[in-house]
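The block underneath contains the structure these notes are about, expressed in structure tokens.
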Amino acid sequence: MRSHLLNDTTAEHYRRSVTEGVERVAARLAATDRPFTGVTVDALAPLIERIDLDRPLHDTSAVLDELEDVYLRDAVYFHHPRYLAHLNCPVVIPAVLGEAVLSAVSSSLDTWDQSAGGTLIERRLVDWTTGRIGLGPAADGVFTSGGSQSNLQALLLAREEAKTDSLAKLRIFASEVSHFSVKKSAKLLGLGQDAVVSIPVDQDKRMRTVALARELERCTAAGLVPMAVVATAGTTDFGSIDPLPEIAALCAQFSTWMHVDAAYGCGLLASVKYRDRIDGIERADSVTVDYHKSFFQPVSSSALLVRDAATLRHATYHAEYLNPRRMVAERIPNQVDKSRQTTRRFDALKLWMTLRTMGADGIGELFDEVCDLAVEGWHLLAADPRFDVVVQPSLSTLVFRYIPRSVTDPAEIDRANLYARKALFASGDAVVAGTKVNDRHYLKFTLLNPETTPADMAAVLDLIAGHAEQYLGESLDRAS
239 MRSHLLNDTT AEHYRRSVTE GVERVAARLA ATDRPFTGVT VDALAPLIER
289 IDLDRPLHDT SAVLDELEDV YLRDAVYFHH PRYLAHLNCP VVIPAVLGEA
339 VLSAVSSSLD TWDQSAGGTL IERRLVDWTT GRIGLGPAAD GVFTSGGSQS
389 NLQALLLARE EAKTDSLAKL RIFASEVSHF SVKKSAKLLG LGQDAVVSIP
439 VDQDKRMRTV ALARELERCT AAGLVPMAVV ATAGTTDFGS IDPLPEIAAL
489 CAQFSTWMHV DAAYGCGLLA SVKYRDRIDG IERADSVTVD YHKSFFQPVS
539 SSALLVRDAA TLRHATYHAE YLNPRRMVAE RIPNQVDKSR QTTRRFDALK
589 LWMTLRTMGA DGIGELFDEV CDLAVEGWHL LAADPRFDVV VQPSLSTLVF
639 RYIPRSVTDP AEIDRANLYA RKALFASGDA VVAGTKVNDR HYLKFTLLNP
689 ETTPADMAAV LDLIAGHAEQ YLGESLDRAS
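Using this note's numbering, the first residue of the sequence shown is number 239, and each one after it goes up by one.
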């Protein structure tokens, strides 16, 4: 069994095995003509359940053959131009190369003596990102596994900075279309979901700052503590960007921590054309970025950035076996001092490889392309009488709803849209997402693939309309 350990004596085995795996994936990518096969849970689950994990195959080729049947063949492929569903981006090759390197070396980014150069590379990328945001010379941050974890740590810092003996008095303010992780974080931090005050949005799905001001005043008048305002730069459902300068002014007025959830909109940090859409982000106390959404990085790759490095002390604990206090005096950099995690992957390497190969402008140009594509998609939808589109895109998301000419019952239209999404997914021809707007069911294009074209969007809209019309026709037949 030692022949499977990666070391100096098995380097050739490693090379052959990984090469064979890469060739299998490359062949699958080259042959993929739709984002999904349409396989069902009932069809796939028995294949996986019948595999006896206590009886290994002892052969990499055989394992890859098996993997083809239980995973590769039926995976949902985000690189396909008709995958239009969630915030999953196609990935760039330099980042995939970085993934291969970091997996093989398997550095752990908690301490210097487990990572060496990895620690310095992550710190350099944190500095690069805080510089792009404009947080100032005292800024710092740390890589995380994703936006939910980044938001949780940001609100942990805000809770500690609020300096109150009564958690029951703390309040967090976020728009009604903010990410669910805000309420989840409040619960995990002992505040309860009721601690999150939902602020209404305008017709463009942006937080209403007049309503925010009113709620902040009400909070302080009631003797409560405004712990944090979470502004969103790229909501999950609409891609909307809250008015950051106005929110920053209110946070300053009420001495409230300003967190910007830019998990989606962080691509604008590299944008060549649209950077001004997130002006005001530089006034935040903390920022969440997800490189695996709009920097075209593989999952996972996220970071929490803060204006004042000293606030990260709230996540610091010292253990003699890992990061004793003497290491601070010795100026030994341990990233665990600012992280909620201990063992942590060297995910920063993927972004490093990307920047060193493509440059920030290369990333920004790709993100600008999908933002431009969303504008074309909005015009396409606005001109099509079969669909109702909700808002003009701020980033690359379109929310819309099929509206039949012959049916006026909103509940029946809901069912037609739900059926169309489900039928489309089952066909494998395209994948779209769904959400609710004013309690009605809508569909969603999340455009993160520069290879997607207006023709792709038009074809998918025709497919959606066809499935919805089929449902409505069958429904009317049943009714009669």
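Positions of the beta carbon are idealized from the N, C-alpha and C atoms, including for glycine.
This structure is a prediction, so every number in the text was calculated from the model and none was measured.
Hey, quick one: how far does the beta strand (DSSP E) through residue i stretch, first residue to last?
i: residue 542; result: 540 to 544
i: residue 498; result: 495 to 500
i: residue 421; result: Element bounds for residue 421: not the beta strand (DSSP E) but the alpha helix (DSSP H), 419 to 426.
i: residue 674; result: 669 to 675
i: residue 635; result: 635 to 640
i: residue 626; result: 625 to 627
i: residue 681; result: 678 to 684
i: residue 517; result: Element bounds for residue 517: n/a, residue is neither H nor E.
Nearest-angstrom Cα distance between residue i and residue j?
i: residue 728; j: residue 292; result: Look at the range of the chain in this structure, 239 to 718, and you will see that residue 728 is not part of it.
i: residue 720; j: residue 309; result: Any question about residue 720 goes unanswered here, given that the chain covers just 239 to 718.
i: residue 362; j: residue 378; result: 10 Å
i: residue 498; j: residue 296; result: 49 Å
i: residue 514; j: residue 478; result: 14 Å
i: residue 574; j: residue 455; result: 38 Å
i: residue 422; j: residue 431; result: 7 Å
i: residue 277; j: residue 284; result: 12 Å
i: residue 543; j: residue 524; result: 5 Å
i: residue 244; j: residue 266; result: 26 Å
i: residue 595; j: residue 448; result: 45 Å
i: residue 359; j: residue 280; result: 45 Å
i: residue 405; j: residue 570; result: 35 Å
i: residue 194; j: residue 248; result: Given a span of 239 to 718 for the chain in the structure shown, any question on residue 194 remains unanswerable.
i: residue 718; j: residue 698; result: Low per-residue confidence applies at residue 718: pLDDT is 48, beneath 50, and the placement is therefore not dependable, though the value from the model is reported in the following sentence. Computed Cα separation, rounded: 30 Å.
i: residue 373; j: residue 382; result: 19 Å
i: residue 263; j: residue 273; result: 15 Å
i: residue 503; j: residue 527; result: 8 Å
Check whether the Cβ of residue i sits closer than 6 Å to any heavy atom of the ligand GTP, and report yes or no.
i: residue 539; result: Questions concerning the ligand GTP fall outside what the structure shown contains, since it holds no ligand whatsoever.
Excluding five sequence neighbours on each side, which residues of the same chain lie with their C-beta closer than 7 Å to the C-beta of residue i?
i: residue 275; result: 311, 312 and 666
i: residue 259; result: 302
i: residue 397; result: 408, 427 and 465
i: residue 648; result: 678
i: residue 335; result: 591
i: residue 463; result: 400, 402, 407, 408 and 409
i: residue 710; result: 642, 645 and 654
i: residue 337; result: 536 and 588
i: residue 510; result: 599, 602, 603 and 606
i: residue 619; result: 625, 627, 636 and 638
i: residue 705; result: 657, 658, 661 and 662
Could you tell me the boundaries of the alpha helix (DSSP H) in which residue i lies?
i: residue 599; result: 586 to 620
i: residue 303; result: 298 to 305
i: residue 353; result: Note, residue 353: premise wrong, no alpha helix (DSSP H); not H, not E.
i: residue 526; result: No alpha helix (DSSP H) holds residue 526; the beta strand (DSSP E) holding it covers 524 to 528.
i: residue 660; result: 648 to 665
i: residue 280; result: 279 to 287
i: residue 564; result: 564 to 567
i: residue 452; result: 447 to 459
i: residue 385; result: 385 to 400
What is the DSSP secondary structure of residue i, reduced to helix, strand or coil?
i: residue 345; result: coil
i: residue 413; result: strand
i: residue 257; result: helix
i: residue 469; result: strand
i: residue 581; result: coil
i: residue 559; result: coil
i: residue 438; result: coil
i: residue 479; result: strand
i: residue 334; result: helix
i: residue 692; result: helix
i: residue 324; result: coil
i: residue 272; result: coil
i: residue 295; result: coil
i: residue 718; result: Since pLDDT at residue 718 reaches only 48, below the 50 mark, its modelled position is unreliable, and no value is offered.
i: residue 243; result: coil
i: residue 369; result: helix
i: residue 308; result: helix
Who are the Cβ neighbours of residue i in its own chain at under 6 Å, not counting the five residues just before and after it?
i: residue 592; result: 330, 332 and 333
i: residue 255; result: 298
i: residue 384; result: 538 and 540
i: residue 680; result: 637, 639 and 673
Can you name, in chain order, every residue of its own chain whose Cβ lies under 8 Å from the Cβ of residue i, other than the five neighbours on each side?
i: residue 690; result: 319, 320, 322, 608 and 611
i: residue 425; result: 431
i: residue 441; result: 629
i: residue 563; result: 556
Margin query: Quick test of the definition: if touching needs 3 or more C-beta pairs under 8 Å, does the stretch 317 to 324 touch the stretch 663 to 673?
Written below: Remark: three or more beta-carbon pairs, one from each stretch, lie closer than 8 Å, so the stretch 317 to 324 and the stretch 663 to 673 are flagged as touching.
Next item on the list: Pair every Cβ in the stretch 365 to 382 with every Cβ in the stretch 542 to 558, then say whether three or more of these pairs are closer than 8 Å.
Entry: With the cut-off at 8 Å, the stretch 365 to 382 and the stretch 542 to 558 touch.
Notebook entry, point to check: Okay, do the stretch 572 to 586 and the stretch 485 to 496 touch, 3+ Cβ pairs below 8 Å being the bar?
Noted result: no
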